[in-house]
Amino acid sequence: MNDKPVEHEWPWLGTWRFWTIAGAITFLSFVALIVQSCRVSRADALVPVVTLSGPRRAIRGETSHYAVLVRDRFGSPIADATVRVGFHNHRFIEIARGSTGKGGDATLAVRFPDDFMQSRSLVALVSAGVAEGSDDFVVDPREPATPAIFVATDKPIYQPGQTVHIRAVALADGKPAADRPVVIEIRAGAERVKVFRIEKQTSAFGVAWADFELADQVKLGSYSIAVTSPVSKTVTANGVTFEAFVPSDIEVYFSITASTIHRKPVFTISPFGGM
Numbered sequence: 118m119n120d121k122p123v124e125h126e127w128p129w130l131g132t133w134r135f136w137t138i139a140g141a142i143t144f145l146s147f148v149a150l151i152v153q154s155c156r157v158s159r160a161d162a163l164v165p166v167v168t169l170s171g172p173r174r175a176i177r178g179e180t181s182h183y184a185v186l187v188r189d190r191f192g193s194p195i196a197d198a199t200v201r202v203g204f205h206n207h208r209f210i211e212i213a214r215g216s217t218g219k220g221g222d223a224t225l226a227v228r229f230p231d232d233f234m235q236s237r238s239l240v241a242l243v244s245a246g247v248a249e250g251s252d253d254f255v256v257d258p259r260e261p262a263t264p265a266i267f268v269a270t271d272k273p274i275y276q277p278g279q280t281v282h283i284r285a286v287a288l289a290d291g292k293p294a295a296d297r298p299v300v301i302e303i304r305a306g307a308e309r310v311k312v313f314r315i316e317k318q319t320s321a322f323g324v325a326w327a328d329f330e331l332a333d334q335v336k337l338g339s340y341s342i343a344v345t346s347p348v349s350k351t352v353t354a355n356g357v358t359f360e361a362f363v364p365s366d367i368e369v370y371f372s373i374t375a376s377t378i379h380r381k382p383v384f385t386i387s388p389f390g391g392m
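Following my numbering, the numbering of the sequence shown begins with 118 at its first residue and continues without gaps.
Shown next as structure tokens:
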């Protein structure tokens with residue numbers, strides 16, 4: 118029996134076939150490394166850089182608009198990226214969604230919930246392919262401003278037969294209260310007898326107007342204009358006078374008589390309406 122170990126022979130080692138296979142494996146490994154590097158660089162370039170902008174204070178139940186700008190790390194816009202805006206409180210609560218346009222921007226209408234009573238972090242989450250980015254800031258709640266209506270006429274004193282041109286501007290939270298119903302009333306004298314009433318709708322600028330034609334036998338004295346709207350309490354414009362007096366601390370009177378027909382009239386200035 119021959120106990121001598123058998124020696125394995127590798128006759129192809131060092132031949133041209135060996136070096137061809139080794140070279141092919143090396144080349145394919147190098148190509149795979151380059152492709153992987155390119156993929157990583159491309160994905161890194163597409164990581165969205167997100168900028169969220171808009172009001173930092175809001176009213177509960179109010180709808181505000183926020184802009185989201187999406188760029189890659191080279192500053193080029195990323196189009197068709199999915200944009201989600203919401204609050205982050207232990208988890209993300211989505212309240213608006215959209216997508217970027219060709220310029221890499223999106224504008225979303227965000228309605229704040231009725232329980233928006235304390236500061237919250239507003240977050241914009243952007244998905245561009247497999248990459249994601251985000252931006253956020255804190256939005257503080259605020260109370261709505263006191264509504265107001267401003268009333269005016271074209272002049273403070275009228276004569277019988279003339280037309281009173283009334284204009285009212287309704288504001289809500291410092292902005293025009295558009296398309297709101299208003300009621301315009303005119304009351305006469307201390308008895309506040311109603312002589313005119315009309316229902317109007319405010320324009321896109323919060324403006325409502327009306328014309329009141331005076332009769333030839335109108336009651337003289339002081340009249341008041343009251344404008345009522347759901348955006349405000351009744352607002353009264355006092356001091357609209359029909360051929361009686363102009364309320365003020367100092368009033369100006371003048372008279373023309375036969376003895377002064379050919380010379381300038383005499384003016385008397387008297388405080389508190391005295392003659």
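Even glycine gets a Cβ: it sits at the ideal position worked out from N, Cα and C.
Assumed close pair residue i, residue j - CB separation to whole angstroms, cut-off 8 Å
i	j	result
Arg177	Phe233	4 Å
Arg228	Thr180	5 Å
Ala285	Ile266	6 Å
Ile274	Trp326	Contact doesn't hold; Cβ gap of about 20 Å is too wide.
Thr345	Val299	7 Å
Proximity to residue i [Cα-Cα], best of the options
i	options	result
Ile212	Pro293, Val202, Gly220, Asp231	Val202
Ala269	His205, Ile195, Lys317, Val281	Val281
Glu308	Val324, Ser341, Asp252	Ser341
Ser339	Arg314, Arg304, Ala321	Arg304
Ala235	Arg190, Thr143, Ala149, Ala175	Note that residue 235 is Gln in the sequence shown, not Ala. Ranking the options by Cα distance to Gln235, first place goes to Ala175.
Ser216	Ala226, Val312, Val310, Asp271	Ala226
Gly246	Ile274, Ala139, Val200	Val200
Asp290	Ile142, Pro261, Leu169	Pro261
Ala321	Pro230, Arg297, Phe329	Arg297
Gln279	Thr319, Pro230, Phe329, Gly140	Phe329
Own chain partners of residue i with C-beta closer than 7 Å, once the 5 adjacent residues on each side are dropped
i	result
Gly250	Val164, Pro165, Val166, Val167, Val243
Gly171	Ser181, His182, Tyr183, Ala184
Gly218	Ala196
Gly323	Val286, Ala287, Leu288, Pro293, Ala294, Ala295
Arg173	Phe254, Val256, Asp257
Gly220	Pro194
Ala361	Low confidence applies to Ala361: its pLDDT is 39, below 50, so where it sits in the model is not reliable enough to give any reading.
Ile210	Gly203, Phe204
Lys317	Val299, Ile301, Ala325, Ala327
Own chain partners of residue i with C-beta closer than 6 Å, once the 5 adjacent residues on each side are dropped
i	result
Pro277	Leu331, Asp333, Val335
His205	Ser238, Val240
His207	none
Asp271	His282
Leu169	Val185, Ala241, Asp252
Ala446	Residue coverage of the chain in this structure runs from 118 to 392, which leaves residue 446 outside it and unanswerable.
Other residues of its chain near residue i: CB distance less than 8 Å, five sequence neighbours each side excluded
i	result
Gly306	Lys336, Gly338, Ser339, Tyr340
Thr137	none
Val310	Arg304
Arg214	Thr199, Val200, Arg201, Val202, Leu225
Can you list the beta strand (DSSP E) stretches of 3 or more residues lying completely in the stretch 233-281, in chain order?
237-245, 248-258, 265-270
Run through the stretch 291-358 for me and flag every whole beta strand (DSSP E) of 3 or more residues, listed as ranges in chain order.
298-305, 310-318, 324-330, 338-346
So within the stretch 144-232, which uninterrupted beta strand (DSSP E) runs reach at least 3 residues, ignoring any that extend past its ends?
166-170, 180-188, 199-205, 209-216, 222-228
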